[in-house]
Amino acid sequence: MTEILHVRDVTVRFGGVYAVQNVDLRINNGELIGFIGPNGAGKTTLMRVITGIVQPQSGRVFLQGVDITDKATHLRIRAGLALAQQIVQPLRALTLLDNVAIACGSDKTRHALKSMWVTDIRSERAQARELLARVGLSHVVDELPGTMPLGYLKRLEVARALALNPRLLLLDEPLAGLSQKEAASLADLIATLNADGQTILLIEHNLREVMRICPTLYVQDNGKSLAFGKTDQVMSDPNVRNAYLGVGHA
Amino acid sequence: MLYLELFIQGLVQGSIYALIALGLTLVYGLLRILHVAHAALFTLGGYIGVIVTNATGSFTLAMVVAMLVVGLAGMLMYKLAYEPLLSQPPYVSLIASIALFIASEEIFRIAFGPYGLSYQTAPLQGHIELFSGFYLKYAEILVMGLSTILMIALAWLSMQTRTGVAWRATVTDPDMARAFGVKIQNVRYLNFFIGSSFAAAAGVLVALLNNLVEPTMGSVASYKALAIIVLGGLGSIRGTLIASLLLGVLESFGTIYIGHLLDRDAIAFAFLILVLMIRPQGLMGGKL
Amino acid sequence: MSYEITLMTTMAISVLFALSLNFITGFCGQISLGHAAFLGAGAYTSAMLSKADVPFLFTIPAAAICAAMLGAIIGLASLRVRHDFLAITTMGVGFLFVGIIRQQDFFGGEIGIAGIPSSGFGKGGFMLICIALALTFAAFSLYVRRSWMGFVFKSIADNEDVTRVLGIDVSRYKLIAFIIGTGTAGVAGALYAHHFRFVGPDSFGFVESISVLAMVIVGGIGSVWGVIFAAALLSVLPMLVQFIDDYKLLFYSGLLFAMMRFSPDGIAGLCTRLFSSIPRRVPDNGGNNR
Numbered sequence: 160m161t162e163i164l165h166v167r168d169v170t171v172r173f174g175g176v177y178a179v180q181n182v183d184l185r186i187n188n189g190e191l192i193g194f195i196g197p198n199g200a201g202k203t204t205l206m207r208v209i210t211g212i213v214q215p216q217s218g219r220v221f222l223q224g225v226d227i228t229d230k231a232t233h234l235r236i237r238a239g240l241a242l243a244q245q246i247v248q249p250l251r252a253l254t255l256l257d258n259v260a261i262a263c264g265s266d267k268t269r270h271a272l273k274s275m276w277v278t279d280i281r282s283e284r285a286q287a288r289e290l291l292a293r294v295g296l297s298h299v300v301d302e303l304p305g306t307m308p309l310g311y312l313k314r315l316e317v318a319r320a321l322a323l324n325p326r327l328l329l330l331d332e333p334l335a336g337l338s339q340k341e342a343a344s345l346a347d348l349i350a351t352l353n354a355d356g357q358t359i360l361l362i363e364h365n366l367r368e369v370m371r372i373c374p375t376l377y378v379q380d381n382g383k384s385l386a387f388g389k390t391d392q393v394m395s396d397p398n399v400r401n402a403y404l405g406v407g408h409a
Numbered sequence: 002m003l004y005l006e007l008f009i010q011g012l013v014q015g016s017i018y019a020l021i022a023l024g025l026t027l028v029y030g031l032l033r034i035l036h037v038a039h040a041a042l043f044t045l046g047g048y049i050g051v052i053v054t055n056a057t058g059s060f061t062l063a064m065v066v067a068m069l070v071v072g073l074a075g076m077l078m079y080k081l082a083y084e085p086l087l088s089q090p091p092y093v094s095l096i097a098s099i100a101l102f103i104a105s106e107e108i109f110r111i112a113f114g115p116y117g118l119s120y121q122t123a124p125l126q127g128h129i130e131l132f133s134g135f136y137l138k139y140a141e142i143l144v145m146g147l148s149t150i151l152m153i154a155l156a157w158l159s160m161q162t163r164t165g166v167a168w169r170a171t172v173t174d175p176d177m178a179r180a181f182g183v184k185i186q187n188v189r190y191l192n193f194f195i196g197s198s199f200a201a202a203a204g205v206l207v208a209l210l211n212n213l214v215e216p217t218m219g220s221v222a223s224y225k226a227l228a229i230i231v232l233g234g235l236g237s238i239r240g241t242l243i244a245s246l247l248l249g250v251l252e253s254f255g256t257i258y259i260g261h262l263l264d265r266d267a268i269a270f271a272f273l274i275l276v277l278m279i280r281p282q283g284l285m286g287g288k289l
Numbered sequence: 005m006s007y008e009i010t011l012m013t014t015m016a017i018s019v020l021f022a023l024s025l026n027f028i029t030g031f032c033g034q035i036s037l038g039h040a041a042f043l044g045a046g047a048y049t050s051a052m053l054s055k056a057d058v059p060f061l062f063t064i065p066a067a068a069i070c071a072a073m074l075g076a077i078i079g080l081a082s083l084r085v086r087h088d089f090l091a092i093t094t095m096g097v098g099f100l101f102v103g104i105i106r107q108q109d110f111f112g113g114e115i116g117i118a119g120i121p122s123s124g125f126g127k128g129g130f131m132l133i134c135i136a137l138a139l140t141f142a143a144f145s146l147y148v149r150r151s152w153m154g155f156v157f158k159s160i161a162d163n164e165d166v167t168r169v170l171g172i173d174v175s176r177y178k179l180i181a182f183i184i185g186t187g188t189a190g191v192a193g194a195l196y197a198h199h200f201r202f203v204g205p206d207s208f209g210f211v212e213s214i215s216v217l218a219m220v221i222v223g224g225i226g227s228v229w230g231v232i233f234a235a236a237l238l239s240v241l242p243m244l245v246q247f248i249d250d251y252k253l254l255f256y257s258g259l260l261f262a263m264m265r266f267s268p269d270g271i272a273g274l275c276t277r278l279f280s281s282i283p284r285r286v287p288d289n290g291g292n293n294r
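Protein chains in written order, with our numbering: chain A, 160 to 409; chain B, 2 to 289; chain C, 5 to 294.
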């Protein structure tokens, strides 16, 4: 198995507080890893370290063996990352189709000056149509995001991330705010994507769905790695139970 | 001796900037609006100060009336101009604010003439000699004294009263404050009242220092106040106060030493651009 | 005839200037409150070269390069700052420009530069040059809108952070928009200098920056046709109606405020809403997170 992501000994401090402390995480090709932890565990911070929005005080981040710690966000995306954000952020002036098409055109937008001479968008739109169909949105491709329900926008966010053709897909709480039924169906979709070969790191609060679809779990608490391994083993780990349920609950 | 004189002049100017910029910071902190029309309220304060002083002979009364009337005018401006635009993208309220400001300059010009008004007998024009050859006008002492008192009063209000606590809570986290039963609407009104009345005080004081109010007196002060709140790190009150005094002093020295390269009003922006290149988040601003 | 020619020339220069700002503000979503500084940079370059006997046509590219270089420097310094900061730094640039010009005898100081030689093409010929340049840039704008660059601009104007997460080098795109926009303002400046045959510091101050912004916004931010219409109209209205000339600023600012209050997407948006046969649901969460 080839290694896709390696977070090596990363520490982030805000003021005097450790948000993430000496964390190590490895993700191999084809894996679907559920990343869980109580509120304030530093999940979002670690995600931001991976995407480059937060710079760690120490430690490195490798993507496919290449050190990306000092690279700007857009270059990390070009190197094979894609992110579906927790708070949906569609481009509101663009149709759903164009929201995805612009991500499909990453070859055409790589060089700013060259992009001026290209006008053809047909192949990107065709590709976007397929991706939207894949996430179950083929019936609303020409709508504007402002009129869409949250469940659709969450799927749009996933489709747009997939359009970048990433080696590693980062999903930041995609199920948050969805009804149980919607959450289950989006979780099914995530499992299907993984079955098709997509490597995924899934940050999620919805333990039920995470335990259902993720073969591997990574748990973080108070900024420290707590456990990493097979889902059932991790969930029976007393440390994890303590962190999650509080002492004396079990 | 020249240094000390320049320094004190800088502090006087800086106190005025602080009074003006404070209202801008309050509005930005709460609503994320760059409130350019704030300067119109500053000018209005100056006009009311001169007119009331000339009519009644009482400068104190003029100051109180100016602060009250302009405070209310500020609340009215929020209600009529900004509130309907809150759901629009930020540039909409910015441009509306600029339009409001330019329109008000024109209205002052049309209503009171292009050459402005002066005090019939300007109060507080005497001076004391601090030490040999170094004079300080009463008006200048008043500027520094009154702005210090107002700032302390504001600090007391925000730290020691229930209203102040609600206010700070709203600035930090509006949703949470609402959940605790704070009436956001009232906080916004209070915000505009205080910010505007401080600007009015600054207007009256500037009128006193120059013995003149004119339609355009707000323009330079306004743009500079914007530069100041950016320097201070948008929304930080402490940063704004420090940036105000710093800029006042810097300008005071700059006019003497680099005045042949840049005029006084450009110094602020040269400084601003320089600071932003080194610290994009402003002097005191937190993380982006 | 001469009066009509003056009118048309003024219109064409305003249209070119407004479209240059539209490229930055309308296409790419970057508010600039100091655009008159770049008009000024072009005007001064062209004026001084003309006085040194450089032919008019050669001063145009020089003015463009000079303004674009200034734009590039400002862009590099200010495009990385937070969104709200940009409006203020560009405004600062406007004040700096006037502040520097005013103190330097080299640029004619307070008095400015008078007696700029004529373009050498006659009034009619000069008008045609102005119109041709304005139309060329309008066509270029319409083309860019349709290109991938325009697509990315639209995305940046919509949400910069999302665009970055799509792997796009946002700063580079913004810088290009800034350079093209300021360079074109420089061209408009060269025309301005040879139209009025005089340049002075007061012609490129904050009020001019706001006037051109008013044209872009009244026309409908981003809409090429709307901006052309608004720039043509607003530039000559004060010349045609004496009442408006007397209260020019009050009129402009009142119009601008009314636009923001009742139709923030300008005349273009107004037309779309009036003539659109399919009633579109207006998203009510446009200013999300407030």
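Just so you know, even glycine gets a beta-carbon here, dropped at the ideal spot from N, CA and C.
Query                                                                                                                                                                                         : Result
Of all the CB atoms in chain B, is at least one closer than 9 Å to the CB of Met15/C?                                                                                                         : no
Consider the Cβ of Gln248/A: report whether some Cβ of chain C lies at a distance smaller than 9 Å.                                                                                           : yes
Is it right to say Tyr258/B is buried, meaning 16 or more other beta carbons lie within 10 angstroms of its own, or is it exposed?                                                            : exposed
Spatial neighbours of Leu191/A within its chain, please: CB distance less than 6 Å, with the 5 preceding and 5 following residues excluded, ordered by chain position.                        : Asn353, Ile359 and Cys373
Who are the Cβ neighbours of Pro283/C in its own chain at under 7 Å, not counting the five residues just before and after it?                                                                 : Low per-residue confidence applies at Pro283/C: pLDDT is 47, beneath 50, and the placement is therefore not dependable enough to give any value.
Counting along the chain, where does the beta strand (DSSP E) carrying Glu130/B start and finish?                                                                                             : His128 to Phe132
Specify whether the stretch 66-81 of chain B and the stretch 226-234 of chain B touch according to this definition: at least 3 beta carbon pairs, one from each stretch, less than 8 Å apart. : no
Which of the three DSSP states is assigned to Arg252/C in this structure?                                                                                                                     : The sequence shown places Lys at residue 252/C, rather than the Arg named in the question. Looking at Lys252/C - three-state DSSP - the assignment turns out to be helix.
Name the residues in the stretch 272-285 of chain A whose C-beta lies less than 8 Å from a C-beta of chain C; which are they?                                                                 : Leu272, Ser274, Met275, Trp276, Val277, Thr278 and Ile280
Rounded C-beta distance between Ser16/B and Ser148/B? I'm assuming under 8 Å.                                                                                                                 : 4 Å
Report the start-end ranges of each alpha helix (DSSP H) in the stretch 112-184 of chain C that is 4 residues or longer and not cut off at the edges.                                         : 126-150, 152-162 and 164-169
Using a Cβ cut-off of 9 Å (strictly closer), state whether Ala409/A contacts chain C.                                                                                                         : With a pLDDT of 39 at Ala409/A, under the threshold of 50, the modelled position of that residue is not reliable, and the figure given next carries that caveat. Taking Cβ atoms only, chain C never reaches closer than 9 Å to Ala409/A, which makes this a no.
With 16 as the cutoff for other CB atoms within 10 Å, does Met219/C come out buried or exposed?                                                                                               : buried
Under 8 Å, CB to CB, which of the residues in the stretch 103-122 of chain B have a partner in chain C?                                                                                       : Ile103, Ala104, Glu106, Glu107, Ile108 and Ile111
If we ignore side chains and look at the alpha-carbon of each, how far apart do Gly128/C and Ile9/C end up?                                                                                   : 7 Å
Roughly how many angstroms lie between the CA atoms of Gly290/C and Leu277/B, to the nearest whole one?                                                                                       : With a pLDDT of 38 at Gly290/C, under the threshold of 50, the modelled position of that residue is not reliable, and the figure given next carries that caveat. Looking at the two C-alpha atoms, the distance is approximately 30 Å.
Cβ of Val299/A within 9 Å of Cβ of Ala318/A?                                                                                                                                                  : no
For Pro242/C, which residues of its own chain have a beta-carbon under 6 Å away from its beta-carbon, when the five flanking residues on both sides are left out?                             : Ile248, Asp249 and Lys252
Of all the residues that make up the stretch 219-241 of chain A, which are near chain C by a beta-carbon distance shorter than 7 Å?                                                           : Thr232, His233, Ile236 and Arg237
Indicate the three-state DSSP secondary structure (helix, strand or coil) for Gly193/A in the structure shown.                                                                                : strand
Determine, for Met95/C, whether the minimum Cβ-Cβ distance to residues of chain B falls below 9 Å.                                                                                            : yes
Are the CB atoms of Arg201/C and Ala118/C within a distance shorter than 9 Å?                                                                                                                 : yes
Could you have a look at Gln282/B and say whether DSSP puts it in helix, strand or coil?                                                                                                      : coil
Within a Cβ cutoff of 8 Å, which residues of the same chain sit near Leu20/C, ignoring the five residues on either side of it in sequence?                                                    : Cys134, Leu137, Ala138, Phe141, Thr188, Val191, Ala192 and Leu195
Does any residue of chain B bring its CB to less than 9 Å from the CB of Met12/C?                                                                                                             : no
Is there a Cβ from chain B that is less than 9 Å from the Cβ of Arg284/C?                                                                                                                     : Caution is warranted here: a pLDDT of 47 is assigned to Arg284/C, below 50, making its placement in the model unreliable, and the coordinate value is therefore given only provisionally. Answer no: the Cβ-Cβ gap between Arg284/C and chain B never drops below 9 Å.
Please report how far the alpha carbon of Ile318/B lies from the alpha carbon of Ile9/B, in whole angstroms.                                                                                  : Residue 318/B lies beyond the stretch modelled for chain B, which goes from 2 to 289, so this question has no answer here.
Using a Cβ-Cβ distance cut-off of 9 Å, determine whether Ile180/C contacts chain E.                                                                                                           : The structure shown has no chain E; the protein chains it does contain are A, B and C.
Could you compute how far the alpha carbon of Leu334/A sits from the alpha carbon of Glu368/A?                                                                                                : 9 Å
In whole angstroms, give me the CA-to-CA distance for Leu41/C and Gly209/C.                                                                                                                   : A small fix is needed here, since residue 41/C is Ala in this sequence, not Leu. For Ala41/C and Gly209/C, the distance between alpha carbons rounds to 7 Å.
9 Å is my cut-off, CB to CB: does Ile209/A come that close to chain C?                                                                                                                        : no
If we count Cβ pairs, one from each stretch, closer than 8 Å, do we get three or more for the stretch 211-226 of chain C versus the stretch 59-69 of chain C?                                 : no
Quick one: using the 10 Å Cβ neighbour count with 16 as the cut-off for buried, is Trp298/C buried or exposed?                                                                                : Given a span of 5 to 294 for chain C in the structure shown, any question on residue 298/C remains unanswerable.
How is Asp331/A classed by DSSP in three states: helix, strand or coil?                                                                                                                       : strand
How about Leu251/B and Ile279/B: are their beta carbons less than 9 Å apart?                                                                                                                  : no
Ends of the alpha helix (DSSP H) at Tyr116/B?                                                                                                                                                 : Where Tyr116/B is concerned, there is no enclosing alpha helix (DSSP H), given that its DSSP letter is neither H nor E.
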